[in-house]
Amino acid sequence: MQTQDPLIRNHNFNEVALGFSENEAILEASRCLQCKNPTCIAACPASVKIPDFIRLIKEKNSRVAYDTIYKDNVLPAVCGRVCPQESQCEGACVLNRTGRPIAIGALERYVGDESLKCGECKDEKIIPNGKKVAVVGSGPAGLANAASLRRMGYDVDIYEALHEFGGVLQYGIPAFRLPKTIVESEVLRLEKLGIKFHKNVIIGKSLTIDQMKNELGYDAIFVGTGAGLPKSLGVPGEGHSGVFSANEFLIRVNLMKATPAMDYPTPIRIGDNVAVIGGGNVAMDAARVAKRLGAKNVFILYRRDKSSLPARLEEVIHAEEEGIIFKLLHNPVEFIGENHQLKAVRCEKMELGELDSSGRAKPVGTGQYETFPVDSAIVSIGENPNPIISKATPGLETDRKGQIVVNNHQTSIAGVFAGGDVVLGAATVILAIGEGKDAAIAIDEYLKKI
Amino acid sequence: MYEIIEKKPQNADVDLLEILAPMVAKNAKPGQFLIIRVDKNGERIPMTIVSHTETTVTIIVQKVGYSTMLLGKMQKGDALEDVVGPLGMPTIIRPVKKVLGIAGGVGAAPLYPQLREYASRGSSVDLIIGARNRDHLILKDDFAAFCENIHIATDDGSIGTKGFVTDVAKRLYETETYDLVIAIGPLAMMRAVVELDKKHGLKTDVSLNPIMIDGTGMCGNCRVSIAGKTYFACVDGPDFPGDDIDFDELLARQNSYREEEHICRIKLGDKK
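Protein chains in written order, with our numbering: chain C, 14 to 463; chain S, 1198 to 1469.
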């Protein structure tokens, strides 16, 4: 798939990957071996019938290809872009033997985009079953859950705390990886399916779970509120001005459209030298956004080595191409400020020791330190579930990380289900979609029994 | 959409707005706040809920920055793009006999529902209210409905004592004693009150209004260091015991953006 030139794209927010043309898509689809026992499907958290939709692309029938994907995944245009295909479907493709697996993500994106291009709406016949379910959170888990339930005939209300729908797709993933128009179109499509979207409602505050069950009469509730609470390093100086959580930084830019040009009223100021702490996809996003906002030097501080970076390889390569510097084996130990304004980050140089519980080599301090002058630092070391609902809901069991405890998506409260990052901890979009879908089945089984 | 059903200018810079927002009003409690976006590109502006009915919420807005000025242009009958809440933890109403409220400028707005709640639970309530001048004194009559003694301080002496609320408090502490002080106003004022109260062995609750975006604990911009621990004002607050707050750090964070600097400078009672 073609991409924008790195030195041009690192100054704009247009999409990096340009997508397949019809010819490119057909050519790529023709390489698929149509395996009898497709390893790709087994490797997909949403079990998309991959060989089927690829065959349909080859047959120039992208409309039916879309229907095929949609049965298992309501957000093909999104997943085609943001799934870690190399460790899922593409990683399992038998053509890896030849070194060139099928570009399944790019093909899925092609199908999703084609369907959005013609403004196509799923003309599905919904047979109402008279029961109503509330979905809390409009991120990938909530959208997938709502779509599945709606197609089973449920009356579905989605409640979103923010002023835009899409959850992390809206506030977290930058436009150059996932254009916001795609998220909006997908939401519109679900609205046309009869799902009712309510913004600005914070469950646990505006409405409690108890009020939803007893006053509003929901037969079941799905909690898909994601992992939105940023983890902090816990080192001195983290309270200085100029230290951001990746969440704050990305929310300002993605959701509030902050730019140094002040085209929108929400401000952002990051300066010339920006350190991003962490090695995951969110860290790559933050670094690449910082570059696009005009920062001259953007560098990643990561305490392990390059091969341990949790980010997708593609994101790491894109970041490098765009001029992001990787300072590996550096562990921040202090943010140094003057009058509480950040001036520098002090790091301990690390080396790799024995394997730790995560199976990766444990970074060990060397006792040598290095200080980097910076104007801002973006802490991107992961997120935990937001505790608003669990705090406001007596009897809702969570573990020590704040993740909701479930048994086949059923929480400790009857009729209340959960799935996605709020259960798993920060994971991927497609896992959340898979969870939302599975939880819909669990909700349906539960409601058929009572 | 969220309709403005009443607009009452309090003075040239301050408006009272009553807004139709049933989802915010339903569970609102004293001490909680809401977030407004005026239009579809708007900033998210946190505002204390001053009072509420079953379906409406009342806020008091000081027109100091771009977004609050934009809000000030809205008239009765206009609709706001977004109103969300109630956010934050309700005020913890402590079982005390005698409370002193200290308000600086529009800090009177968040103080009002708290003091009223104390009064309704039987506490005796006194008030020191500070403002730039006579015109900028807000909610005085509303406070008068339940406060036993009201002491006024203005910058220009146009009404009450000429000087700071802390000047009045210093004098008051010579003869009066309180179980609790609640101070709400500009950061520098709250810091000055906390310092003064410590000398007199008084506990001070404050209400913080740092820069926020989502208001639900996601961004961490509103973080505040208290006795070396980090709290988020949006979900853990906005009310905190004032004694161990790192006000210097908060002031620096408040000043991160020029607009906020502007707000801080002209907030009443802040002479910095």
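Think of the CB as a built atom: it goes at the ideal place given N, C-alpha and C, for glycine as much as any other residue.
Given the structure is predicted, the values throughout are model-derived calculations rather than measurements.
- Residues V148, V169, I171 and I208 of the same chain have their beta carbon placed closer than 6 Å to that of C:A159, with the five preceding and five following residues left out of the count.
- Residue pairing for S:R1234: DSSP places it in a beta bridge opposite S:D1279.
- Excluding the 5 residues flanking it on each side, C:R373 has same chain C-beta neighbours closer than 7 Å at R317 and S321, in chain order.
- In this structure, the alpha-carbon of S:N1346 lies about 24 Å from that of S:V1211.
- With 16 or more other CB atoms across the displayed protein chains lying within 10 angstroms of its CB, C:S258 is buried.
- In this chain, C:V149 is not harboured by any alpha helix (DSSP H); it is covered by the beta strand (DSSP E) spanning K145 to V149.
- Exposed is the label assigned to C:L20, since fewer than 16 other Cβ atoms lie within 10 Å of its Cβ.
- Residues of chain S whose Cβ lies closer than 7 Å to the Cβ of C:Y277 are, in chain order, N1238.
- S:K1295 sits in a strand when the DSSP states are folded into three classes.
- Distance from the CA of C:A431 to the CA of C:E448, rounded to the nearest whole angstrom, comes to 9 Å.
- Look at C:P192 here: in three-state DSSP terms it is coil, with no helix or strand label.
- Using a Cβ distance threshold of 7 Å, C:V435 and C:I417 count as a contacting pair.
- Separation of S:M1266 and S:R1331 (C-alpha to C-alpha, rounded to the nearest whole angstrom) is 22 Å.
- C:S254 reaches chain S at A1449, R1450 and S1453, counting residues in chain order whose Cβ is nearer than 7 Å.
- Inter-residue distance for C:T221 and S:L1217 is about 20 Å (C-alpha atoms, whole angstroms).
- Among the bridge pairs identified by DSSP, C:C360 is matched with C:P345 and C:E383.
- At a cut-off of 7 Å between beta-carbon atoms, S:T1413 makes contact with chain C.
- Residue pairing by DSSP places C:N397 opposite C:L242 in a beta bridge.
- Distance check between S:L1448 and each of S:V1432, S:D1440, S:M1387 and S:L1393 places S:M1387 closest, using alpha-carbon atoms only.
- When secondary structure is reduced to three states using DSSP, S:K1367 falls in the helix class.
- Comparing C-alpha distances from S:D1376 to each of S:S1320, S:N1238, S:E1278 and S:G1282 shows the shortest one belongs to S:S1320.
- Chain order gives no chain C residues near S:V1261, where near means a beta carbon separation below 8 Å; the closest approach is about 13 Å.
- Rounded to the nearest angstrom, the Cβ distance from C:N260 to C:G241 is 7 Å, consistent with a contact under 8 Å.
- DSSP assignment within the stretch 139-186 of chain C yields the following whole beta strand (DSSP E) runs of 3 residues or more, N-terminal first: 145-149 and 168-172.
- Under DSSP, C:I290 takes part in a beta bridge, and its partners are C:L314 and C:V392.
- Going by C-alpha positions, S:V1221 is about 45 Å away from C:Q17.
- Within the same chain, and ignoring the five residues on either side of C:C53 in sequence, the residues whose Cβ sits closer than 6 Å to its Cβ are I63, C102, A105 and C106.
- Closest in alpha carbon position to S:G1282, among S:L1308, S:C1416 and S:N1224, is S:N1224.
- Taking C:A119 as the centre and dropping the five residues before and after it, the same chain places the C-beta of M14 and F33 closer than 6 Å to its C-beta, in chain order.
- Boundaries of the alpha helix (DSSP H) around C:T52: T52 to A55.
- S:A1225: not part of any beta strand (DSSP E); DSSP gives it neither H nor E.
- Pairing C:V248 with S:V1421, the inter-Cα distance amounts to about 15 Å.
- Distance from C:I446 to C:L88 at the Cβ level is roughly 6 Å; contact confirmed, criterion being Cβ atoms closer than 8 Å.
- A direct Cα-to-Cα measurement between S:A1350 and S:A1341 gives close to 16 Å.
- In the displayed model, C:V248 falls within coil according to three-state DSSP, outside both helix and strand.
- The residue from C:Q98, C:A55, C:M165 and C:A78 with its alpha-carbon nearest to that of C:A38 is C:A78.
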